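Just so we're aligned, residue 0 is where the sequence shown starts under numbering that gives the first Met the number 0, counting upward by one.
All C-beta atoms in this analysis are idealised placements derived from N, C-alpha and C, irrespective of residue type, glycine included.
All values derive from a computational prediction rather than experimental measurement.
Have a look at the structure below before the remarks.
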Amino acid sequence: MEDWKREILKLLDAAQAQTARGVRWPVLLELLANQSSIPIDPAEFSDVLKALVEEGLISISGERDKRVIFRTSSLNPA
Numbered sequence: 000m001e002d003w004k005r006e007i008l009k010l011l012d013a014a015q016a017q018t019a020r021g022v023r024w025p026v027l028l029e030l031l032a033n034q035s036s037i038p039i040d041p042a043e044f045s046d047v048l049k050a051l052v053e054e055g056l057i058s059i060s061g062e063r064d065k066r067v068i069f070r071t072s073s074l075n076p077a
C-alpha cells in the first residue's frame, strides 16, 4: 500500500506540474496500471486513495467516473 501511495503522489505531482489541475479518477487508475507490472484492483486503488484523503495529502471532488483527484500538500523529504 505504501508503494502505491508513493506512486500515486508522484503521478499527481507530475500531472499538476504540467496542468495545475487535478487528475480524473479513471485517468489516474490507467496511469498507475500502465507503469505497474501487476494488475491494479480498482477496490484496492479506491482504498489507497481513501487513505491518502484521511492523511490530508489529496482531495477528491465530483462523483463516480467524473471524480477528480487533487494533491493538497507536498511531502518534502529532508
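S36 (DSSP reduced to helix, strand or coil): Looking up residue 36 in the sequence shown gives position 37. Residue state, collapsed to three classes: coil.
Check whether R63 and L11 have beta carbons under 8 angstroms apart: Indexing the sequence shown from 1 puts residue 63 at position 64. Indexing the sequence shown from 1 puts residue 11 at position 12. Taking 8 angstroms as the Cβ cut-off, R63 and L11 do not qualify as a contacting pair.
Span of the alpha helix (DSSP H) around R5: Translated into positions along the sequence shown, residue 5 becomes position 6. Counting along the chain, the alpha helix (DSSP H) containing R5 begins and ends at 1-18.
Reduced DSSP secondary structure (H/G/I, E/B, other) of R66: Your numbering for residue 66 matches position 67 in the sequence shown. Coil.
Pick from Q15, W24, I68, I7 that is closest to Q34, judged by C-alpha positions: Position 35 of the sequence shown, counted from the start, is the residue given in the question as residue 34. The shortest Cα separation from Q34 among Q15, W24, I68, I7 belongs to I7.
C-beta contact flag for W3 and V47 at 8 angstroms: The residue labelled residue 3 in the question sits at position 4 within the sequence shown. The residue labelled residue 47 in the question sits at position 48 within the sequence shown. Going by C-beta atoms, W3 is nearer than 8 angstroms to V47.
Helix, strand or coil at E60 [DSSP, three-state]: Reading the sequence shown from its first residue, position 61 is the one you call residue 60. Reading off the sequence shown, one finds Ser at residue 60, where the question assumed Glu. Correct three-state label for S60: strand.
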